[in-house]
Each structure stands twice: as C-alpha cells, then as structure tokens.
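Start counting the sequence shown at 2; every next residue gets the next number (our numbering). One structure is given here, and the rest of the page talks about it.
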Amino acid sequence: MQNTPQPVRSTTAARPLYRERLSPSLWLLGSAAVIAPMAALVFVQYDATLSLAIGLVVGFLVIAGLIAASPVIEVRGGVLRAGRAHIDVALLGEPVVLGGEEARAARGAGLDPRGWHLIRGGIDEIVVLPDEDPDDPVSSWTLSSRTPDRLAAAVRHAQGLQAGR
Numbered sequence: 002m003q004n005t006p007q008p009v010r011s012t013t014a015a016r017p018l019y020r021e022r023l024s025p026s027l028w029l030l031g032s033a034a035v036i037a038p039m040a041a042l043v044f045v046q047y048d049a050t051l052s053l054a055i056g057l058v059v060g061f062l063v064i065a066g067l068i069a070a071s072p073v074i075e076v077r078g079g080v081l082r083a084g085r086a087h088i089d090v091a092l093l094g095e096p097v098v099l100g101g102e103e104a105r106a107a108r109g110a111g112l113d114p115r116g117w118h119l120i121r122g123g124i125d126e127i128v129v130l131p132d133e134d135p136d137d138p139v140s141s142w143t144l145s146s147r148t149p150d151r152l153a154a155a156v157r158h159a160q161g162l163q164a165g166r
C-alpha cells in the first residue's frame with residue numbers, strides 16, 4: 002500500500018465565522034416547566050413515586066425539545082444560514098443593526114412583506130440584510146440576534162473573504 006500525501010484542507014470552511022442558536026428565553030423555558038407538575042398530577046392517583054418520575058421526564062423532554070427545535074444562525078464558508086434557509090453572502094448588501102425602538106418598528110409596521118424573517122420573541126435586536134440578487138423574490142433578510150454586531154461583522158468579513166478570491 003502506497004502512502005500518498007493527502008491534500009491540505011482549508012479550516013476556514015469547516016469552522017463557522019459566526020454561530021448562534023436562538024434558544025427560547027428563560028421565561029418561556031420556565032413556563033414550559035409548569036408541564037412537569039401537571040403531568041405528575043395526572044399519574045399521582047396510581048403511584049406518587051411514579052408520578053414524580055413521569056413529571057420530571059415530561060418536563061425535561063419539553064424543555065429539551067424547545068431547545069433542540071430552536072433555529073440556528075450561522076455564517077460559514079461564504080454562506081449565511083438562518084434556520085432552514087441559506088444564501089451566499091455575496092448576494093447580500095450591507096448589514097444594518099437595529100435595536101430599541103428602531104427594531105420594534107422594523108419588526109412591526111416596517112416589516113418588509115417580501116423579506117425572509119427569522120424573528121424570535123424575547124430577542125430585542127435585529128439585523129436587516131438587503132438581498133441584492135435580482136432573481137430572488139426576497140428583498141431582505143430580517144434576523145433576530147442576541148449579538149447583532151457580531152453577526153453583522155461576520156457577514157462583512159465573509160463578504161470581504163469572497164471579494165478577495
């Protein structure tokens with residue numbers, strides 16, 4: 002068997018420039034935990050120990066399900082992924098970070114009906130990315146983010162890397 006040299010792989014495509022899971026707020030997780038005692042009450046008539054165990058398992062599964070189902074925003078290999086959607090960063094314009102009253106207006110009456118939205122309650126700030134692809138019916142991407150400045154910087158950095166190629 003010959004020992005042939007392996008090609009060197011770039012690590013920049015393997016490692017994301019930015020990754021954020023839009024997990025539920027602590028208030029929502031706490032509210033979901035109320036399911037545990039309700040499930041336990043259903044089975045308390047059969048056995049108190051069994052009902053406690055079932056309540057704990059149900060509460061854990063509900064909270065784990067909420068966290069596992071929460072969408073991820075990621076910039077990796079020149080592609081922005083937001084939940085199930087993805088777009089090449091070269092097709093995006095300059096990111097705009099909005100917070101406070103501006104973000105509230107952009108999520109409400111100012112929300113672009115032709116845009117792609119990944120908005121989560123409990124996350125106040127958003128990043129708006131204009132879609133400059135003339136063939137794409139989507140006009141912009143509006144994404145909730147707990148660290149919008151880092152997301153905007155990662156998109157700009159990925160755009161710079163692609164422009165340098």
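For every residue, glycine included, the Cβ atom is placed at its ideal position computed from N, Cα and C.
- Counting C-beta atoms within 10 angstroms of its own C-beta, isoleucine 74 has 16 or more neighbours from the protein chains shown and is therefore classed as buried.
- Cβ-Cβ separation between valine 128 and valine 80: approximately 16 Å, too far for a contact (criterion under 8 Å).
- Counting along the chain, the unbroken beta strand (DSSP E) around valine 76 starts and ends at 73-77.
- If you check the CB distance, alanine 83 and leucine 144 come in under 7 Å.
- Taken in chain order, the unbroken stretches of alpha helix (DSSP H) that lie wholly in the region 17-49 and span 4 residues or more are 27-33 and 36-44.
- Boundaries around aspartate 89 are those of the beta strand (DSSP E), 86-89, since no alpha helix (DSSP H) includes it.
- Under the DSSP assignment, alanine 164 falls in the alpha helix (DSSP H) whose first and last residues are 149-164.
- Within the model, the alpha-carbon separation for alanine 33 versus serine 24 is close to 13 Å.
- Pairing tyrosine 47 with leucine 152 gives a Cβ-Cβ distance that is not under 7 Å.
- By DSSP's assignment, aspartate 132 forms a beta bridge with Leu93.
- A distance of 7 Å or more separates the beta carbons of leucine 53 and proline 96.
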